[in-house]
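For the sequence shown, counting from 1, position 160 maps to 166 in my numbering; every step adds exactly one. We put the CB at the ideal spot given by N, CA and C, even for glycine. Here the structure is laid out as structure tokens; the discussion comes afterwards.
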Amino acid sequence: MIEAEALSRMEPDGRWQFQWWAVGLVGALPASEPRKKGADAGVDGFFSVVHESDGKRETFRQAIVQVKSGHVSAMHVRDLAGVIGQDKLGLFITLEEPTEPMKAAAAQAGLYHNPLMDRHYPRIQILTVAELLAGQGLNLPPRPGRERQVIGQRLQGEMEI
Numbered sequence: 007m008i009e010a011e012a013l014s015r016m017e018p019d020g021r022w023q024f025q026w027w028a029v030g031l032v033g034a035l036p037a038s039e040p041r042k043k044g045a046d047a048g049v050d051g052f053f054s055v056v057h058e059s060d061g062k063r064e065t066f067r068q069a070i071v072q073v074k075s076g077h078v079s080a081m082h083v084r085d086l087a088g089v090i091g092q093d094k095l096g097l098f099i100t101l102e103e104p105t106e107p108m109k110a111a112a113a114q115a116g117l118y119h120n121p122l123m124d125r126h127y128p129r130i131q132i133l134t135v136a137e138l139l140a141g142q143g144l145n146l147p148p149r150p151g152r153e154r155q156v157i158g159q160r161l162q163g164e165m166e167i
């Protein structure tokens, strides 16, 4: 954890290196090249989750990853809600513990219903680097390639009842 904080403070590229590293913690793709700096429109990384699947055809939803190394506030979470709109999910990764107003802003973004899993997920999730390093998993629908395994497990569970 100390190393992550030190990386985020390194000059001149520490913040961008930290963002790339944090995006990799959740298995997302970086939104830009590592040396390319500038306005990122609130998108540091992204990945897809399976929305629906009939075994032959799949539809996906995009998850947007935003990384902040410090001085986070509810405004940042509300900005992410604006970026994801109604069709996407958002992960907000931070070095700092989220404040109550940040948690409230994430909750105000609402829930996303995933037909594949027949389950609701928070539209925005806030995760700290410490939680990710401790192995806390993401509360997300399956990613492409895993949905058949997940459906099989779900069906097997229903058959055992």
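Residues in its own chain within less than 7 Å of Asn120 by CB, not counting five upstream and five downstream?
Start at 1 with the first residue of the sequence shown, and residue 120 comes out as number 114. Once the five neighbours on either side are set aside, the close Cβ partners of Asn120 are His57, Tyr127, Pro147.
Between which two residues does the alpha helix (DSSP H) holding His77 run?
Here residue 77 is taken as the residue at index 71 of the sequence shown, counted from 1. No alpha helix (DSSP H) contains His77, which DSSP labels as neither H nor E.
Name the DSSP beta bridge partners of Gln131, please?
As a first step, residue 131 must be located in the sequence shown, where it is residue number 125. Partner(s): Leu97.
What's the C-alpha gap between Arg67 and Val55?
Start at 1 with the first residue of the sequence shown, and residue 67 comes out as number 61. Start at 1 with the first residue of the sequence shown, and residue 55 comes out as number 49. Looking at the two C-alpha atoms, the distance is approximately 5 Å.
Using the C-alpha atoms, what's the distance from Ser75 back to Ile167?
Taking the sequence shown and counting its residues from 1, one reaches residue 167 at position 161. Taking the sequence shown and counting its residues from 1, one reaches residue 75 at position 69. Legend: pLDDT at Ile167 = 47, less than 50; position of this residue unreliable, no value from coordinates given.
Per DSSP, what are the beta-bridge partners of Phe66 in this structure?
Here residue 66 refers to the residue found at position 60 when the sequence shown is read from its first residue. According to DSSP, which records beta bridges pairwise, Phe66 is partnered with Val56.
Give the DSSP bridge partners of Pro36, in chain order.
As a position in the sequence shown, residue 36 is number 30, starting the count at 1. Note: Pro36 sits in a beta bridge opposite Gly51.
Take Pro104 and list the residues in its own chain whose beta-carbon comes closer than 6 Å to its own, dropping the five residues that flank it on each side.
Taking the first residue of the sequence shown as position 1, residue 104 is located at position 98. Ile132.
So the alpha helix (DSSP H) Ile140 belongs to, where does it begin and stop?
Position 134 of the sequence shown, counted from the first residue, corresponds to residue 140. Here the sequence assigns Ala to residue 140, which means Ile is not the residue at that position. Taken as a continuous stretch (DSSP letters only), Ala140 belongs to no alpha helix (DSSP H), as it is neither H nor E.
Ordered along the chain, which non-local residues of its own chain (more than five positions away) have a Cβ less than 7 Å from that of Gly51?
Working through the sequence shown from its first residue, we reach residue 51 at position 45. Cβ within range, chain order: Val29, Ala34, Leu35, Pro36, Ala37, Val71.
Can you tell me whether Arg125 is buried or exposed? The criterion is at least 16 other CB atoms within 10 Å of its CB, across all chains shown.
Locating residue 125 in the sequence shown gives position 119, counting from the first residue. Exposed, because fewer than 16 other Cβ atoms sit within 10 Å of the Cβ of Arg125.
Does DSSP classify Gln72 as helix, strand or coil?
The count along the sequence shown starts at 1 and reaches residue 72 at position 66. Gln72: strand per DSSP, three-state reduction.
Could you tell me if Gly96 is buried or exposed, where buried requires 16 or more neighbouring beta carbons within 10 angstroms of its beta carbon?
Here residue 96 refers to the residue found at position 90 of the sequence shown. Under this definition Gly96 is a buried residue.
Would you mind working out which of Gln114, Glu64, Asp60 sits nearest Gln92, comparing C-alpha positions?
Looking up residue 92 in the sequence shown gives position 86. Residue Gln114 is the option with its Cα nearest to Gln92.
Assuming Ala110 and Ala80 are in contact, meaning their beta carbons sit under 8 Å apart, how far apart are those beta carbons, in whole angstroms?
Locating residue 110 in the sequence shown gives position 104, counting from the first residue. Locating residue 80 in the sequence shown gives position 74, counting from the first residue. Their Cβ separation, rounded to whole angstroms, is 7 Å, which keeps Ala110 and Ala80 in contact under 8 Å.
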